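Chemist: Protein chains in written order, with this note's numbering: chain P, 4 to 261; chain S, 4 to 261. Ideal Cβ placement from N, Cα and C applies to all residues, glycine included. Predicted model, so just to flag it, every value in this text is computed and none were measured. Structure below; questions to follow.
There are 2 protein chains.
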Amino acid sequence: MFYTSIYNFKNTMKKRVSISSQIKEHLIQGIRSHLFTNGLPSENQIAKQFNVSRMTARKAFSELVYDGWVERIQGKGTFVKTRELSQGYFKIQPSWKQAKDLNVIYTTNVLELKTISNPPGRITDKLNYNQQIILVRRLHFFDQIPVRYEIRYLRGDLCGGILWENLENNSIHELLTQKYNLPLSRVWQRMTAETMPKKIAALFNEAAGHPVFYVERLTYTNKNPVTYVQYYIRGDLAFEDTFSPDDENSPNLLNLTY
Amino acid sequence: MFYTSIYNFKNTMKKRVSISSQIKEHLIQGIRSHLFTNGLPSENQIAKQFNVSRMTARKAFSELVYDGWVERIQGKGTFVKTRELSQGYFKIQPSWKQAKDLNVIYTTNVLELKTISNPPGRITDKLNYNQQIILVRRLHFFDQIPVRYEIRYLRGDLCGGILWENLENNSIHELLTQKYNLPLSRVWQRMTAETMPKKIAALFNEAAGHPVFYVERLTYTNKNPVTYVQYYIRGDLAFEDTFSPDDENSPNLLNLTY
DNA sequence: CAGTGGTCTAGACCACGTC
DNA sequence: ACGTGGTCTAGACCACTGC
Numbered sequence: 004m005f006y007t008s009i010y011n012f013k014n015t016m017k018k019r020v021s022i023s024s025q026i027k028e029h030l031i032q033g034i035r036s037h038l039f040t041n042g043l044p045s046e047n048q049i050a051k052q053f054n055v056s057r058m059t060a061r062k063a064f065s066e067l068v069y070d071g072w073v074e075r076i077q078g079k080g081t082f083v084k085t086r087e088l089s090q091g092y093f094k095i096q097p098s099w100k101q102a103k104d105l106n107v108i109y110t111t112n113v114l115e116l117k118t119i120s121n122p123p124g125r126i127t128d129k130l131n132y133n134q135q136i137i138l139v140r141r142l143h144f145f146d147q148i149p150v151r152y153e154i155r156y157l158r159g160d161l162c163g164g165i166l167w168e169n170l171e172n173n174s175i176h177e178l179l180t181q182k183y184n185l186p187l188s189r190v191w192q193r194m195t196a197e198t199m200p201k202k203i204a205a206l207f208n209e210a211a212g213h214p215v216f217y218v219e220r221l222t223y224t225n226k227n228p229v230t231y232v233q234y235y236i237r238g239d240l241a242f243e244d245t246f247s248p249d250d251e252n253s254p255n256l257l258n259l260t261y
Numbered sequence: 004m005f006y007t008s009i010y011n012f013k014n015t016m017k018k019r020v021s022i023s024s025q026i027k028e029h030l031i032q033g034i035r036s037h038l039f040t041n042g043l044p045s046e047n048q049i050a051k052q053f054n055v056s057r058m059t060a061r062k063a064f065s066e067l068v069y070d071g072w073v074e075r076i077q078g079k080g081t082f083v084k085t086r087e088l089s090q091g092y093f094k095i096q097p098s099w100k101q102a103k104d105l106n107v108i109y110t111t112n113v114l115e116l117k118t119i120s121n122p123p124g125r126i127t128d129k130l131n132y133n134q135q136i137i138l139v140r141r142l143h144f145f146d147q148i149p150v151r152y153e154i155r156y157l158r159g160d161l162c163g164g165i166l167w168e169n170l171e172n173n174s175i176h177e178l179l180t181q182k183y184n185l186p187l188s189r190v191w192q193r194m195t196a197e198t199m200p201k202k203i204a205a206l207f208n209e210a211a212g213h214p215v216f217y218v219e220r221l222t223y224t225n226k227n228p229v230t231y232v233q234y235y236i237r238g239d240l241a242f243e244d245t246f247s248p249d250d251e252n253s254p255n256l257l258n259l260t261y
């Protein structure tokens, strides 16, 4: 019964469909239809029902877990995930990537690159370190227009070599993760909308009071903070995104909301 | 050799570690050490090397794929994923959820709820529909302070019943997905930083010129637009997030950047 | 205790890419 | 033809839950 109906249906499409993904679709139907409110059938039940081995049924369940539909509880069963927490994601891309997407020419200007002798307390607190701290100030341009101003502090003990790198043509992210062997393990970040103070506005060739995104980010490797960065991003440089299920880099649609 | 060394190491930790996840860790080490630049060993090779069945080795590979480390190409092999596209995500949560996180009291005020006779062209274009369009204007409060102003247009043909719902105590997202059976299938959204025009500022009890986040979002079910919403969010109501590997709702860390 | 999910085995056949 | 990943089988033992 199952095979014929689903199989015929699926065969009208070009792509060959595996049994496990047919089972997955079947289960999603059930979830959508508000069945399974007391839990999904067990893996063994589904295996028998569709006359497949348990590993095949289990694969369907696993994908439901990865896609965020259900959660498994050992010894109890598999249950529909209720969390409608749901949110819309905005991604802050590196400037060069955003430039590529917008098809504009990307350039960077290093305004300052030096070791700080007496770093302010709020920085040493954030980096949990109060000796050699490196300061980098860069201005990023799209088609010669300044769009992002970056103030970055780095822990000199972890990546002091940054002082001798060319930071106009190299990504700091890539240098840290690859050359300095500092895998990124945690991120804290925060964004507010602000109006430009005079000094910042001057860099952007705008009058004070223009809107900007203000982003702070603290990034860790193995629980050690490595770099703290502040971004001022033109308010009219929009964050724009589309999320659809076919889009492989999309966050899970179940996490989004109307 | 592998067993003893890794096993002893892992045994110092409390959690029991499966063979496949040991293999996974081993492969991650290799990736981090810049081996595998010409591709990972094949699943069969790894299975032999660790004296396990191919399914076990394959499970380790699968998790690397899910975690974004590698990609598999049928007939060719498994390769380290180069895309350093990487970005930081900000999530726009529904107001009630954000209030819960901040531990403040959340209330909503419906300022307007009606069918529009002659909707503006930019709205009908977005919703791809020019007849009965429903307008909802709401103001969301945290501890009696207005924090988010929402202007929403909905397609009356798909969810006309919204007109008779209590929108001060119900989530529009939940109504649409559950009661009106409109599963969310696609999202387009865009955010800029703006300064408040006079009318908006009045709602927030601020002077014009204060910074706000301005968000537009168009949401679809099955390629049909369902609702278009504009949000004005106080600029000082920060978007703040922490991402770490242990955090189950986090986006993949490989998608983040220094 | 029975039933659940978590892991693993030792095979098998298929689709795809390379030579 | 050969090696790769993609799928699947028919078992097995384990850890956990609930009765």
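Mind reading off the beta-carbon distance from P:Tyr223 to P:Tyr156? Whole number of angstroms is fine, and I expect it under 8 Å.
Modeler: About 14 Å; that fails the 8 Å criterion.
Chemist: Compare the C-beta of P:Leu114 with all C-beta atoms of chain S and state if any pair is closer than 7 Å.
Modeler: For P:Leu114, the answer is no, since every Cβ of chain S falls outside 7 Å of its Cβ.
Chemist: Is there a Cβ of chain P sitting closer than 7 Å to that of S:Val215, yes or no?
Modeler: By this cut-off, S:Val215 is an interface position.
Chemist: For the beta strand (DSSP E) containing P:Tyr69, name the first residue and the last one.
Modeler: Unbroken run through P:Tyr69 is the alpha helix (DSSP H), Arg57 to Tyr69; no beta strand (DSSP E).
Chemist: Does P:Ile175 have its Cβ less than 7 Å from a Cβ in chain S?
Modeler: Judged by the 7 Å Cβ criterion, P:Ile175 is in contact with chain S.
Chemist: DSSP three-state call for S:His176: helix, strand or coil?
Modeler: Residue state, collapsed to three classes: helix.
Chemist: For P:Pro186, which residues in chain S fall below 8 Å Cβ to Cβ?
Modeler: Chain S residues near P:Pro186: Arg35.
Chemist: In chain order, what residues of the same chain have a beta carbon less than 8 Å from the beta carbon of S:Glu74, not counting five sequence neighbours either side?
Modeler: The residues are Val68, Thr81, Phe82 and Lys84.
Chemist: For the segment 137 to 149 of chain P against the segment 110 to 120 of chain P, do three or more pairs of beta-carbon atoms, one drawn from each stretch, fall closer than 8 Å, so that the two count as touching?
Modeler: Yes, the segment 137 to 149 of chain P is in contact with the segment 110 to 120 of chain P.
Chemist: Beta carbon of P:Thr195, beta carbon of S:Asp239: below 7 Å?
Modeler: Yes; because the gap between Cβ atoms is below 7 Å, this pair is in contact.
Chemist: Exposed or buried, S:Glu171, counting other C-beta atoms within 10 Å across all chains shown (16 or more means buried)?
Modeler: S:Glu171 comes out exposed.
Chemist: Please classify P:Pro123: is it buried, with 16 or more other beta-carbons within 10 angstroms of its beta-carbon, or exposed?
Modeler: So P:Pro123 counts as exposed.
Chemist: Can you list the residues of chain P that S:Trp191 reaches, using a CB-CB cut of under 7 Å?
Modeler: Within 7 Å Cβ-Cβ: Thr245.
Chemist: Alpha carbon to alpha carbon, what distance is there between S:His29 and S:Ser8?
Modeler: Residue confidence for S:Ser8 is low, a pLDDT of 30 falling below 50, so the modelled location carries little weight and cannot support an answer.
Chemist: Pull out every residue of the segment 199 to 213 of chain S whose Cβ sits closer than 8 Å to any Cβ of chain P, in chain order.
Modeler: Listed by position along the chain: Gly212 and His213.
Chemist: Helix or strand or just coil, what does DSSP make of S:Asp146?
Modeler: In the structure shown, S:Asp146 sits in coil (DSSP, three-state: anything other than H, G, I, E or B).
Chemist: Looking at the strands, I want to know which residues DSSP matches up with S:Leu191.
Modeler: The sequence as given places Trp at residue 191 of chain S; Leu does not occur at that position. Paired residues: P:Thr245 and S:Leu221.
Chemist: DSSP three-state call for P:Asn133: helix, strand or coil?
Modeler: DSSP places P:Asn133 in coil when its eight states are reduced to three.
Chemist: Suppose contacts are defined by Cβ-Cβ distances below 7 Å. Is S:Asp146 in contact with S:Ile175 by that definition?
Modeler: Result no, Cβ atoms of S:Asp146 and S:Ile175 do not sit closer than 7 Å.
Chemist: Compute the Euclidean distance between the alpha carbons of P:Phe242 and P:Lys94, then round it to the nearest angstrom.
Modeler: For P:Phe242 and P:Lys94, the distance between alpha carbons rounds to 7 Å.
Chemist: Would S:His213 be called buried (16 or more neighbouring beta carbons within 10 Å of its own) or exposed?
Modeler: Buried, since its Cβ has 16 or more Cβ neighbours within 10 Å.
Chemist: For P:Asn47 and P:Phe64, what's the separation of their Cα atoms in angstroms?
Modeler: Those two C-alpha atoms are separated by around 11 Å.
Chemist: Just checking: is the beta-carbon of S:Leu179 within a distance shorter than 7 Å of some beta-carbon in chain P?
Modeler: Judged by the 7 Å Cβ criterion, S:Leu179 is in contact with chain P.
Chemist: In whole angstroms, what separates the C-alpha of P:Tyr235 from that of P:Pro200?
Modeler: When rounded, the distance between both Cα atoms is 11 Å.
Chemist: Within 7 Å (strictly less), CB to CB, does S:Asp239 reach chain P?
Modeler: S:Asp239 counts as touching chain P.
Chemist: Using only CA atoms, which one of S:Asp104, S:Phe53 and S:Leu187 lies nearest to S:Ile22?
Modeler: When each option's Cα is compared against that of S:Ile22, the closest is S:Phe53.
Chemist: Keeping to the same chain, check which residues put their C-beta closer than 7 Å to that of P:Leu187; ignore five residues upstream and five downstream.
Modeler: So the list reads Thr180, Thr222 and Thr224, once near-sequence residues are dropped.
Chemist: For P:Leu38, which of helix, strand or coil comes out of DSSP?
Modeler: Three-state DSSP puts P:Leu38 in coil, outside helix and strand.
Chemist: Buried or exposed, going by whether 16 or more other CB atoms sit within 10 Å of the CB of S:Thr245?
Modeler: So S:Thr245 counts as exposed.
Chemist: Drop a sphere of 10 angstroms on the beta-carbon of S:Gln25, count the other beta-carbons inside from all chains shown, and report buried for 16 or more, exposed for fewer.
Modeler: So S:Gln25 ends up on the buried side.
Chemist: Quick check: is the beta carbon of P:Tyr109 nearer than 7 Å to any beta carbon in chain S?
Modeler: No, P:Tyr109 does not count as interfacial toward chain S.
Chemist: So, with DSSP's three-state summary, where would you put S:Ser89?
Modeler: In this prediction, S:Ser89 scores a pLDDT of 45, lower than 50, which makes its location untrustworthy; no coordinate-derived value is stated.
Chemist: Who are the near neighbours of S:Val55 in its chain, counting only those whose CB is closer than 7 Å to its CB and skipping five residues on each side?
Modeler: Correct list, in chain order: Ile22.
Chemist: By the DSSP assignment, the beta strand (DSSP E) with P:Ile236 in it spans what residues?
Modeler: It spans Asn227 to Arg237 - the beta strand (DSSP E) in which P:Ile236 sits, taken as one unbroken run.
Chemist: For P:Ile119, I'd like the list of residues in its chain whose CB is within less than 6 Å of its CB, leaving aside the five on either flank, ordered along the chain.
Modeler: Excluding residues within five positions, the ones whose Cβ falls inside 6 Å are Ile136 and Leu138.
Chemist: Return the chain-ordered list of same chain residues with a C-beta closer than 8 Å to the C-beta of S:Pro97, the five sequence neighbours on each side being excluded.
Modeler: Answer for S:Pro97: Ser174 and His176, listed in chain order.
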